[in-house]
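Okay, structure first, notes after.
Protein chains: 2
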Amino acid sequence: MSTKSSPRAPQRSRTASPIRRERATDLRAAGSAAAPTFKPIHTRRTFEEICERIREQLALGVLKPGDKLPAERELAQQLGVSRNVLREALRSLEMAGVLRLQKGVKGGAFIQQGDTRRMNEVMRDMLSLGTISVRELSEARVHVLDLVVQLACANARRADLDALEANIERTVLATSEGRLLDRVECSREFYKLLAASTGNKVIAMIVDSVTEIHMRFVYAKVASSGVAMARLAEKRRQFLTALSARNAELAGRLLRSHLESVQRMLEQDPGAMSLHVALADVQPGMRR
Amino acid sequence: MSTKSSPRAPQRSRTASPIRRERATDLRAAGSAAAPTFKPIHTRRTFEEICERIREQLALGVLKPGDKLPAERELAQQLGVSRNVLREALRSLEMAGVLRLQKGVKGGAFIQQGDTRRMNEVMRDMLSLGTISVRELSEARVHVLDLVVQLACANARRADLDALEANIERTVLATSEGRLLDRVECSREFYKLLAASTGNKVIAMIVDSVTEIHMRFVYAKVASSGVAMARLAEKRRQFLTALSARNAELAGRLLRSHLESVQRMLEQDPGAMSLHVALADVQPGMRR
DNA sequence: ATTATTAAATGGATCACCCATTCAATGGAA
DNA sequence: TTCCATTGAATGGGTGATCCATTTAATAAT
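Line by line, the protein sequences are chains B and L. Mapping to this note's numbering: the first sequence position 113 is 113, numbers consecutive. Just remember that this note's numbering sits 288 ahead of the position in the second sequence, which is counted from 1.
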């Protein structure tokens, strides 16, 4: 589309066809008279339209990570909408991890590499809203991790195992220096590395999202009570040995047993398991 | 600030403490001098602050589904921000499925029951942005469904099995009447019901998110080529029988084999597997 | 050549409006 | 009284003008 080439895909005249207030006298003329359902009115709003168009360009491959959208003022004019409503759309896309907005000359709206942490937020919101329960989350985590162990045994590469080994070293260090909260952070990383070693980013994303929440509970528990899982590094070593030996059955058994003991630790004091404690504030490294 | 109570948690004077432009002369005074990392500047913007505060109230349980936020004009004043920037925040939260905005007197921003379809959007975005691949998604789906079968065998209730049975009936009908695309829709529903029968909404959400994308490919394939999976209802029946008999091993085997044959069908014509075809437009029922 | 200054482009935010929708209150007709 | 049409206020949806803060490239001064 663009004329003028410049180092980083300046994405000029994207010739966005105007949106222009089709005042809601629409009703969307049912088309095929198959289903007598009249639910989805909700009067199409312009910012939704804008988001959708941009996502469409994304799906079509016209927009790719690294590309820059036209400046707000210009794009607003191209679309025939006010700058304010365009910004609402851009904001939403930014929150969705699709865009990154950067100030200054040479700034603009840049398409991002997908941010896998977004799924964590979904989980957190679902938990906050009571759509899912902590119990469901823990249960799902156990099952998914069981799957992860199998996949990791099948697919983990040397580099993955080395990273896990290095993580265990850090855990040992944190333990010996009594840095309990850092040790929790190590655990979080351990599961992240384990998930990554499946070689499947979808699985990894899923594991991360359920683990992130879980670790908040652990963090809160450790921070408030000062208790800590005994023989953690030792158990990790055993597990890694089984994993390295591609012994899925043993590795799975070890991990399950560990998860159960963590669960018991958490459930000792049900009060500390409250959502609020875990979700309310934001620990360093726990968030973008 | 008005008193006056009305039926549905009018959520008056929430006494939101003002935000009020702390002009970015912040630098966030490192606190513990542990990590010499200086990455996360990105100048805290007001809409982020607002989103965070509302999510905080949610996590704290102060705000619950069904509650209504103060009117835009009022809330903006309470927070000490302009109405526009407040709207940017509300928009983002609405896109995130946390809020629903409703016009008219007695309208407002209502906290929603969590919308599990949000995870679908995350998957779609990740795919659009090239963060995950179709291959990873398919692979993850196979593994997750394997897990689902086990859980469904263990936990499915009578009502779940009946719902699956009814779904198969619809499939039979659609098949006999040659409504191929409706049959795809039935498949989508089948997996949704199967996922629900695990009794775990987290698992269900995950399965839905990977299945939704997958079904777009199937839909596109069927729509373009007119081919259709042979003996579909029959295979479903066999599977359901195994499930009802709580025979996880058999059910798993049947499903795996079916998934493989679907995969073969899709891969016959690699061109049709392009992302664009599947993600670009929005089929009825596929989206909110 | 190096450094400080300036100017322009861009996102961030505000203000003052106006429109469209919704719903309770009002009031007139049956 | 009961019912239905009217009306008006509250609310979200949207616009346009205007200013601020940040960033970067071009320019000027050293």
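Even glycine gets a Cβ: it sits at the ideal position worked out from N, Cα and C. Here the structure is a predicted model, which means the values were calculated and not measured.
query: Residue-level contact to chain L via CB, residue 143/B, 7 Å cutoff; result: yes
query: Closest by C-alpha distance to residue 49/B, when choosing among 73/B, 68/B, 65/B, 90/B; result: 90/B
query: Residue closest to residue 534/L, alpha-carbon to alpha-carbon, out of 465/L, 444/L, 568/L; result: 444/L
query: Separation of residue 83/B from residue 305/L, as counted between CA atoms; result: 28 Å
query: Inter-residue CB distance, residue 122/B and residue 407/L (contact presumed, cutoff 8 Å); result: 5 Å
query: Own chain, CB closer than 8 Å to residue 438/L, minus 5 neighbours either side, in chain order; result: 536, 540
query: Partner residues on chain L for residue 60/B, Cβ-Cβ distance less than 7 Å; result: 564, 568
query: Cross-chain neighbours of residue 420/L in chain B, by beta carbon under 8 Å; result: 114, 201, 202, 205
query: Near-chain L residues of the stretch 212-235 of chain B - C-beta to any C-beta below 9 Å; result: none
query: Test item: CB-CB of residue 498/L and residue 447/L under 7 Å; result: no
query: Residue environment, residue 396/L, which counts as buried when at least 16 other CB atoms sit within 10 Å; result: buried
query: Interface partners of residue 413/L on chain B, CB under 8 Å; result: 55, 58, 96, 97, 98, 114, 118
query: Interface positions of the stretch 350-375 of chain L facing chain B (Cβ-Cβ less than 7 Å), listed along the chain; result: 353, 372, 375
query: Neighbouring residues, chain L, relative to residue 110/B (Cβ below 9 Å); result: Residues of chain L passing the Cβ test: none, with the nearest at roughly 12 Å.
query: Euclidean distance between Cα positions of residue 124/B and residue 220/B; result: 15 Å
query: Segment contact flag, the stretch 130-140 of chain B with the stretch 485-500 of chain L, C-beta cutoff 8 Å, min 3 pairs; result: yes
query: Rounded distance between the beta-carbons of residue 433/L and residue 452/L, thought under 8 Å; result: Not confirmed; about 14 Å, so no contact.
query: Partners in chain L for residue 210/B, counting only beta-carbon separations shorter than 8 Å; result: 490
query: Residues that residue 327/B bridges to, as DSSP identifies them; result: Any question about residue 327/B goes unanswered here, given that chain B covers just 1 to 288.
query: Beta-carbon proximity of residue 440/L to residue 475/L, cut-off 7 Å; result: no
query: Under 7 Å between C-beta atoms of residue 19/B and residue 81/B; result: yes
query: With 16 other Cβ atoms within 10 Å as the buried cut-off, status of residue 402/L; result: buried
query: Spatial distance of residue 215/B from residue 45/B (CA atoms); result: 39 Å
query: Per-residue DSSP class, three states only, for residue 57/B; result: helix
query: Cβ-Cβ distance between residue 166/B and residue 217/B below 7 Å; result: no
query: Residue 404/L classed as buried or exposed, judged by whether at least 16 other C-beta atoms fall within 10 angstroms; result: buried
query: Cut-off 8 Å between Cβ atoms - residues of its own chain near residue 449/L, not counting five sequence neighbours on either side; result: 485, 528, 531, 532
query: Distance between beta carbons of residue 171/B and residue 101/B, contact taken as under 8 Å; result: So it is not a contact: roughly 38 Å between Cβ atoms.
query: Interface flag, residue 148/B vs chain L, CB-CB below 7 Å; result: no
query: Closer than 7 Å to chain L by CB, residue 140/B; result: yes
query: Minimum length 4: unbroken alpha helix (DSSP H) runs contained in the stretch 215-252 of chain B; result: 232-244
query: Per-residue DSSP class, three states only, for residue 268/B; result: coil
query: C-beta neighbour in chain L for residue 17/B, strict 7 Å; result: no
query: Range of the contiguous alpha helix (DSSP H) that encloses residue 462/L; result: 446-464
query: Cβ pair residue 68/B, residue 110/B closer than 7 Å; result: yes
query: DSSP-derived helix/strand/coil call for residue 290/B; result: The requested residue 290/B does not occur in the structure, where chain B is confined to residues 1 to 288.
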